[in-house]
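Q: Chains as they are written, first to last, in our numbering: chain X, 24 to 107; chain W, 176 to 355.
Beta carbons: idealized from backbone N, C-alpha and C, even for Gly.
Before I ask anything, let me first share the structure, which is written out below as C-alpha cells.
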C-alpha cells in the first residue's frame, strides 16, 4: 500500500504545477510585439538593392558611382606605383 | 467548443486581444505538460510561451473539423518539448540513488525523496512512453486524443502507458520503498 500511496501522492503533485500570475500578460505582450513588427510598412523592409533595381535612374546612378569608385582606385594604385 | 471556434474566428479577423481568453484557459495544462515532459521548472514557462506564440502564428491552419483546439495545442506542445529535450543531455541510469535507510522520524524527507525518485524515473522513461503516460495520467486525456496527438493507434498508446506504469512501479519497488 505504501507504494500506491507514494504513487498517488506523486501524481497529485505533478497535476498541481502552478503558472506565474503574469503568464498570460507576458504571452500577450510577445504577441503584441510580433504583431507590431508584422505591421511595419512593406517598402521599409525591402532591401536597398531591390529598391535600386526597380528604378532606372537609381540603377544608372549606382553604376556611375561604382565606375567612379573603380576609376578612382585605379588612379590611386597608379599614383602609388609611380611614386614608389 | 463553439465558444472556442468563435474566439478563433474573431482572433483571425484581427481581434488579437481575444487570444488571451485561450491563453487563460490552457496555460495551466500547457505549462504542466511542458514541465512534466522536460523535467525543467525554469524552462517550462518559456517553452509554454513559445507554444502559445506558435499557436497564434499558425491559428489560420487550425481546422475544427479535424481536431479539438486542445488536441491541436497539445500537439504543438509535444513537438516543442521533443525539440527542447533533443538539446538536453539524457539522464543517466547512474543518477538514481541507492536504497535509502531511514527511520520513521524522517517521514517527510523520505516522502520527498521518493517523489524526487519518481520525477527522475519519469524523465528516464523512453520518450514515447513518457509522453503517453504524462498525457494520460497528468492531463487526463482519453486514449483516442493521445493517439491523435502522437499520430499512432490506440492500442499502441495503451501499451506505452502500461509499460511506463510498470517501470515506475519497478523503480519504487527497487529503491528504498519498503512494503508494510
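According to DSSP, is residue 87 of chain X helix, strand or coil?
A: Helix at residue 87 of chain X.
Q: Mind checking if residue 214 of chain W is an interface residue toward chain X, Cβ cutoff 8 Å exclusive?
A: With 8 Å as the cut-off, residue 214 of chain W does not count as an interface residue toward chain X.
Q: May I have the straight-line CA-CA distance separating residue 323 of chain W from residue 260 of chain W, to the nearest angstrom?
A: Going by the C-alpha atoms only, they are around 21 Å apart.
Q: What residues from chain X crowd round residue 254 of chain W, counting only those whose CB sits closer than 7 Å?
A: The contacting residues do not exist; residue 254 of chain W stays about 18 Å from chain X at best.
Q: From residue 28 of chain X to residue 34 of chain X, what distance separates their C-alpha atoms?
A: Rounded to whole angstroms, residue 28 of chain X to residue 34 of chain X spans 10 Å at the Cα level.
Q: Assess contact between the region 37-51 of chain X and the region 202-213 of chain W, defined as three or more Cβ pairs (one per stretch) separated by less than 8 Å. Is contact present?
A: Enough Cβ pairs lie closer than 8 Å, so yes.
Q: Determine the DSSP secondary structure at residue 350 of chain W, reduced to helix, strand or coil.
A: In the structure shown, residue 350 of chain W sits in coil (DSSP, three-state: anything other than H, G, I, E or B).
Q: Between residue 212 of chain W and residue 42 of chain X, what straight-line distance do the alpha-carbon atoms span, to the nearest angstrom?
A: Residue 212 of chain W and residue 42 of chain X: Cα-Cα distance of roughly 16 Å.
Q: Give me the Cα-Cα distance between residue 295 of chain W and residue 288 of chain W, rounded to the nearest whole angstrom.
A: Near 11 Å, if we compare the C-alpha coordinates of residue 288 of chain W and residue 295 of chain W.
Q: So which residues of chain X does residue 203 of chain W contact, with C-beta pairs closer than 7 Å?
A: Those are 42, listed as they occur along chain X.
Q: Mind listing the chain W neighbours of residue 38 of chain X? Cutoff is C-beta to C-beta under 8 Å, in chain order.
A: Those are 207, 313, listed as they occur along chain W.
Q: Express the C-alpha separation of residue 70 of chain X and residue 299 of chain W in angstroms, rounding to a whole number.
A: When rounded, the distance between both Cα atoms is 49 Å.
Q: Per DSSP, what kind of secondary structure is residue 99 of chain X in: helix, strand or coil?
A: DSSP places residue 99 of chain X in helix when its eight states are reduced to three.
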